[in-house]
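Residue numbers (UniProt numbering): 1 to 322.
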Ligand SMILES: Nc1nc2c(c(=O)[nH]1)N[C@H]1C(S)=C(S)[C@@H](COP(=O)(O)O)O[C@H]1N2
Ligand SMILES: [Mo]
């Protein structure tokens, strides 16, 4: 059995990431670390994306869904936010250590107007709008959430990205006083994510400031997070402090942790399984049903947003570029 196979030990979707990480650390201690390093082939550059134009009506068709909403109490108590612990209940139980005001975001890289801006300036002139989006975690659960936010594209355009800006890299705050989980090596901090520029500029991509009509709570990524509804939840980075326009595919925290499991694109795709979790179905946490007995429903291509986003990936082998 190869190391790769050994790591693909099938696990129920309730498997805790921390258990898995402990196993990785043990394997590393057994001096198989070099093999681990080889299992990730770095990040090659995919073919350039096609030029696609979405009509406003096509875009709007993705802004709402009639599916039953996930209750506020579930959206705010069942979270992944490793900066506040690796258990689903940890982030909501954590002390309110994050100072969300004042909040500054550093904008850098290939743009005409880089600089540090306050949250107020970043959002000046925009009126947050409500978008009801599905969010599907790679672990197999999903929610339907009424977000409040502004289109990321409108915010990014203010900084005038240049033609060298092929990707956008995002960084979460990592301050042991404010995000105590960074004292643990559960990930290589700070948490980082990235999007191709066309994905970042897509009308569905939301820079979220709230949910259920209220400002974001700490556990959901206050005061500013990404919501990219056609990608697995981990692409929706929380508590953003830096946005950089870059020329080559940026490294991301999850890809760095395990390249064979977390690709750069991470589009929701029921035909490409994660080594440890099937992506064919999902446990939909919504309505008043208990989280534990949530209904299992089929997962849809691009999380049900194929009409809006499939064009971005025309010609891309989605098994290779997972
Ligand atoms: N900074 C940061 N962002 C993060 C995470 C994290 O651990 N740290 N977890 C991701 C994962 S795995 C998911 S599924 C979503 C969960 O968002 P929610 O807790 O608001 O539902 O946040 C994503 N954003
Ligand atoms: Mo996730």
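Glycine residues also receive a C-beta, built at the ideal position from the N, C-alpha and C atoms.
- Considering only 274, 282, 59, the residue with the shortest C-alpha distance to residue 206 is 59.
- In the three-state DSSP reduction, residue 180 falls in the helix class (H, G or I).
- Every residue whose Cβ sits closer than 7 Å to any heavy atom of ligand 2 is listed here in chain order: 80, 137, 138, 139, 232, 233, 234.
- DSSP places residue 75 in the helix class (H, G or I) of the three-state scheme.
- Across the structure, residue 248 and residue 237 are spaced so that their CA atoms are roughly 19 Å apart.
- For residue 254, the enclosing alpha helix (DSSP H) stretches over residues 253 to 257.
- Per DSSP, the unbroken beta strand (DSSP E) holding residue 143 starts and ends at 141 to 151.
- Where residue 244 is concerned, the enclosing beta strand (DSSP E) starts and stops at 240 to 246.
- By the C-beta criterion, the region 101 to 115 is judged to be in contact with the region 223 to 230, since at least 3 inter-stretch pairs fall below 8 Å.
- Under the DSSP definition of a beta bridge, residue 206 partners with 151, 227.
- In the displayed model, residue 313 falls within a helix according to three-state DSSP.
- With a cut-off of 8 Å on Cβ pairs, the region 240 to 260 is in contact with the region 188 to 196, counting three or more such pairs.
- Excluding five sequence positions before and after residue 244, the CB atoms of its chain that fall closer than 6 Å to its own CB belong to 108, 109, 169, given in chain order.
- Taking each of 317, 321, 318, 309 in turn and checking the Cα distance to residue 53, the smallest one comes out for 309.
- Its chain contains 83, 174, 175, 176, 189, 190 as the residues whose beta carbon lies nearer than 8 Å to that of residue 182, once the 5 sequence neighbours on both sides are disregarded; these appear in chain order.
- With a contact defined as Cβ atoms closer than 8 Å, residue 270 and residue 258 miss out at about 21 Å.
- With a cutoff of 9 Å on beta-carbon distance, residue 211 and residue 229 are scored as not near each other.
- When only Cα atoms are considered, residue 158 and residue 111 end up about 9 Å apart.
- Taken through DSSP and simplified to helix, strand or coil, residue 107 comes out as strand.
- Put simply, the backbone Cα of residue 256 is about 9 Å away from that of residue 263.
- Distances from the CB of residue 279 to the heavy atoms of ligand 1 are all 8 Å or more.
- CA-to-CA, the gap between residue 253 and residue 185 works out to about 12 Å.
- Just measuring C-alpha positions, the residue of 148, 89, 137, 155 sitting nearest residue 216 is 148.
- Within its own chain, the residues whose Cβ lies closer than 6 Å to the Cβ of residue 88, once the five positions on either side in sequence are excluded, are 78, listed in chain order.
- For residue 172, the CB falls within less than 8 Å of some heavy atom of ligand 1.
- One Cα belongs to residue 171, the other to residue 322, and the distance between them is close to 22 Å.
- Checking the 8 Å criterion, the Cβ of residue 87 is out of range of every heavy atom belonging to ligand 1.
- In the three-state DSSP reduction, residue 269 falls in the coil class, being neither helix nor strand.
- Under the DSSP assignment, residue 118 falls in the beta strand (DSSP E) whose first and last residues are 115 to 118.
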